[in-house]
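Here the structure is laid out as structure tokens; the discussion comes afterwards.
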Amino acid sequence: MATVDYPLDRPPVKDTEFSFSQALYSWVATVDHKRLGLMYIVSALLFFVVAGIMAAVIRLQLMFPENDLVGPATYNRLFTMHGTTMVFLVGMPMVAGFSNYLVPLMIGARDMAFPRLNAFGFWIFLFGGLLLYYSYIGGGGLQGAGSAPDVGWFAYAPLSEGAFSRGSATDYWALGVMVAGIGSIASAINVIATALCMRCPGMSLSRMPVFVWVMLIDSWLIVVALPPLTAGQIMLMLDRHLHANFFDTQAGGSAVLWQHIFWIFGHPEVYILIFPAFAILSEVIPVFSRKPLFGRPAMVGAVVAIGFISLGVWAHHMFAVGMTSWSNSFFAASTMFVGIPTGIKIFNWTATMYGGKLRLDTPLLFCCGFLLQFLVAGLTGIMLGVAPFDWQLHDTYFVVAHFHFTLLLGLVFGLFAGIYYWYPKAFGRMYNEKLGKLHFWLFCIGANLTFIPLHFAGMLGMPRRIYTYPAGRGWEGWNMVSTVGVFFQAAGILFFLWTMVRSAFVGEPAGDDPWDGWTLEWATSSPPPEYNFEKLPVVRSSRPLWDLKHPHDPDWKFE
Amino acid sequence: MADALTMERDWQLPDRGTVGILFLIVTESALFAIFVATYLIYIGKSPVGPYPRDVLEIPVVSSICLLSSSLTVYFAEHALLHNKLARFRLWWSATILLGLEFLISTGMEWRKLIYEDHLTISTNLFGSTFYSLVGLHASHVIVGLVFLILVLTVTLMGFPIQTQFRRVKFLSWYWHFVDAIWVIVFTVVYVIGR
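These protein sequences, in sequence, are chains A and B. Numbering follows the numbering used here, in which position 293 of the first sequence is assigned residue number 307; successive positions increment by one, without gaps. Numbering follows the numbering used here, in which position 177 of the second sequence is assigned residue number 161; successive positions increment by one, without gaps.
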């Protein structure tokens, strides 16, 4: 290393003498958006593994009829913790992690708008997650009943009320999720302020990368949709501990109100979760097709449209609860309506690939998987949006298969694409392409093997949330195939974790711009220095690096 | 390159603090919206008394106090902008006193409701929705007062508060928000709800 002149008040610290405690301190006390982003993503991956193991146990239990691997009480806790973990401790920190790491780099900023708020958001999220998992130890409460929450991830009243959920397990659910939600809101406000106020010179909103646009709208949804959940949880806690009557039907309250409040949050939430995948695809597909994104303004417009329409579709989760036919018609219609912008997006990604010079590396493979599988998820979603169809299949495995197609075969595929795509930027080293492809094929085969059969089991009437089932109803075969798929998925995840850890140490040096990308994060070194850019870039088009690489044929001449 | 240089010099973006506080207010509004909607849905649904028309008295004085504190905090902010520190301290203290008056009369109202009318959060739906909505608002008043008093304290200790004009401004926006919410809560609880 070259000699560096340190200021007098800061003693020089040599890299070689960096002890473990110093390294730990530097991570715990950091306000650097890149480190916080990585910490979000790594803790989300840890929770992902935990929730995945829970899902594997669920599938093993359902492999045979009348199986007794786990009892009914344990089974209820497993699906509750699996759902809650995947939504609040995997999906949400992935939103925060990707936007933290990439938004400042893509808009040419040195950090987020509020770096300390950013650190607060991460640590309060982690605390919320640990609080939820502490329920395994402390959930019994004074009455000694139960351990982890067992009320399902949407904790419907009156089941979640004090009379039916003894002990403290449901309180841990409410408080853990509420606390983690505060972290998500903090991070969302930060992303909005960063995207609106920290852009480098020339980066007008119309030149902002689509990734940043999607994350901006995603943050808007978090800011308006998470507080309703908090409000509902406050009411639930008041009911449970101060004997208020919000969801107590005997005192004139309404258990349906909880469903409304939960889904006012819950439906925007599924868009909050899927948006990072939209954002990642909008960056990966153009670069790997060597074409600019098809219909960029339509793409941004579609995201903005989803950001508003998705606030008005919540009751399609409640067709079976007995609403008026006017409500059913309204929410069925608005559900069809929100499919339109999503269709525009799928069309535009496909059109971007059409006629492009495709480079079928791992990130693009995951994007292709996303496109096909998310299309299936969208189609079953439209089917379930038709109220009479939903009456028939509500609370069956068809619904389970539908939302696992959106979130596992959709969102998680998108997240893997993003992780592989930006891995060389974050660590300065290339992942192992062979292992990456192996991961993709194993995971793709496994996930489809697991969730395609569940559609059929659902149509044959298999209800959700049963810990076992009798033989002879035609469900055995589908469940057996479904569980076999889990082994493929698990093998894929093992290869993924292996290449992630190993390549960080022994991977090929990647260089600053391994994919020949067009957005600003590829203009700085890999991994980026703490200050991101030595000199703040000046931007004249939506593909600033293209302009830099092709001075004779720059984009800005045509924008 | 000259073009790029002028672009760099003329590049103007919104202030990040402004955007941050505005979206904090948006997210708080979403929280209040659910409590207000719940209150409206549950009006007249209590099977047993006491009912709102029997026990609620319109809090005229405290409402006037809280709403006029929006005015005093504006005067204080204005005085600080023109660097008139004595006047700033005066208006700022007036804001705190008005806020305290509101809080105390809310406390007295709750005391009467609990001890004389025997209305608690568990009595009926009216109690549940009333104490949660009014209490949520009152807790926001308390948070606002804590920060208002913090600013006054450091000012009296000689801290040059005029260097923190932006933060004072954001605090006053938050206070305006708390007042605006009271207009809604007042309408829902004391006008529609009775």
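Every residue gets a Cβ at the ideal spot worked out from N, C-alpha and C, and that includes glycine.
Cross-strand partners of residue i (DSSP beta bridge)
i, result
"A/THR410", "A/PRO477"
"A/ARG443", "A/PRO523"
Span separating the alpha-carbon of residue i from that of residue j
i, j, result
"B/LEU120", "A/ILE507", "45 Å"
"B/SER112", "B/GLY177", "14 Å"
"A/SER161", "A/VAL191", "17 Å"
"A/THR17", "A/PRO107", "With a pLDDT of only 45 at A/THR17, under 50, the local geometry of the prediction cannot be trusted, and no value is derived from it."
"A/ASN114", "A/LYS48", "7 Å"
"B/HIS62", "B/LEU134", "19 Å"
"B/VAL162", "B/PHE16", "11 Å"
"A/SER296", "A/PHE302", "11 Å"
"A/THR497", "A/PRO467", "10 Å"
"B/GLY1", "A/MET444", "39 Å"
"B/GLY4", "A/VAL500", "44 Å"
"B/LYS96", "A/PRO129", "46 Å"
"B/VAL172", "B/GLU85", "22 Å"
"A/TYR148", "A/TYR186", "8 Å"
"A/SER323", "A/MET212", "The sequence given here places Ile at residue 323 of chain A; Ser does not occur at that position. Distance between the alpha carbons of A/ILE323 and A/MET212 is about 28 Å."
"A/ARG24", "A/PHE141", "The pLDDT assigned to A/ARG24 is 48, lower than 50, so where the model puts this residue is not dependable, and the model offers no usable value."
"A/PRO241", "A/ILE286", "14 Å"
"A/SER555", "A/GLU573", "7 Å"
"A/HIS418", "A/ILE72", "14 Å"
"A/THR126", "B/ARG150", "The sequence shown places Met at residue 126 of chain A, rather than the Thr named in the question. Their backbone Cα atoms lie some 19 Å apart in a straight line."
"A/ARG91", "B/ASP101", "43 Å"
"A/PRO21", "B/THR147", "Because the pLDDT at A/PRO21 is just 46, under 50, the model does not fix this residue reliably, and the value given afterwards should be weighed accordingly. Each residue's alpha carbon lies about 28 Å from the other."
"A/ALA365", "A/ALA440", "30 Å"
"B/VAL44", "A/PHE361", "59 Å"
"A/PHE34", "A/CYS458", "39 Å"
"B/PRO144", "B/PHE7", "28 Å"
Residue i (DSSP reduced to helix, strand or coil)
i, result
"A/PRO242", "helix"
"A/PRO107", "helix"
"A/PRO523", "strand"
"A/ARG130", "helix"
"A/ARG213", "coil"
"A/MET100", "helix"
"A/GLN503", "helix"
"A/THR17", "The predicted model places A/THR17 with a pLDDT of 45, which falls under 50 and marks its position as unreliable; any figure quoted below should be read in that light. In the structure shown, A/THR17 sits in coil (DSSP, three-state: anything other than H, G, I, E or B)."
"B/ILE42", "coil"
"A/PRO223", "coil"
"A/VAL400", "coil"
"A/ALA471", "helix"
"A/HIS257", "coil"
"B/GLU236", "Only positions -15 to 178 of chain B appear in the structure, and residue 236 of chain B is not among them; the question remains open."
"A/LEU1", "The question about residue 1 of chain A has no answer, for chain A in this structure spans 15 to 573."
"A/PRO25", "Only weak support exists for where A/PRO25 lies, its pLDDT of 49 falling under 50; the coordinates are left without a value."
"A/MET120", "helix"
"A/TYR545", "coil"
"B/GLN(-4)", "coil"
"A/VAL327", "coil"
"A/SER555", "coil"
"B/ASN67", "coil"
"A/HIS416", "helix"
Integer-rounded CB distance, given that residue j should sit under 8 Å from residue i
i, j, result
"A/GLY424", "A/ALA391", "6 Å"
"A/GLY267", "A/SER201", "Not really, about 34 Å apart at Cβ, beyond 8 Å."
"A/TRP227", "A/VAL317", "6 Å"
"B/GLY128", "B/TRP159", "5 Å"
"A/ALA461", "A/LEU422", "6 Å"
"A/ALA194", "A/GLY111", "13 Å between Cβ atoms; not a contact."
"A/ASP404", "A/ALA334", "7 Å"
"A/THR376", "A/GLY450", "3 Å"
Residue i, enclosing alpha helix (DSSP H) - first and last residue
i, result
"A/TRP560", "558 to 563"
"A/GLN264", "Per DSSP, A/GLN264 belongs to no alpha helix (DSSP H) and is neither H nor E."
"A/LYS48", "47 to 75"
"A/LYS359", "339 to 367"
"B/PHE110", "109 to 140"
"A/HIS281", "269 to 303"
"A/SER35", "34 to 42"
"B/LEU155", "149 to 170"
"B/GLU198", "Nothing about residue 198 of chain B can be read from this structure; chain B reaches only from -15 to 178."
"A/GLY315", "310 to 323"
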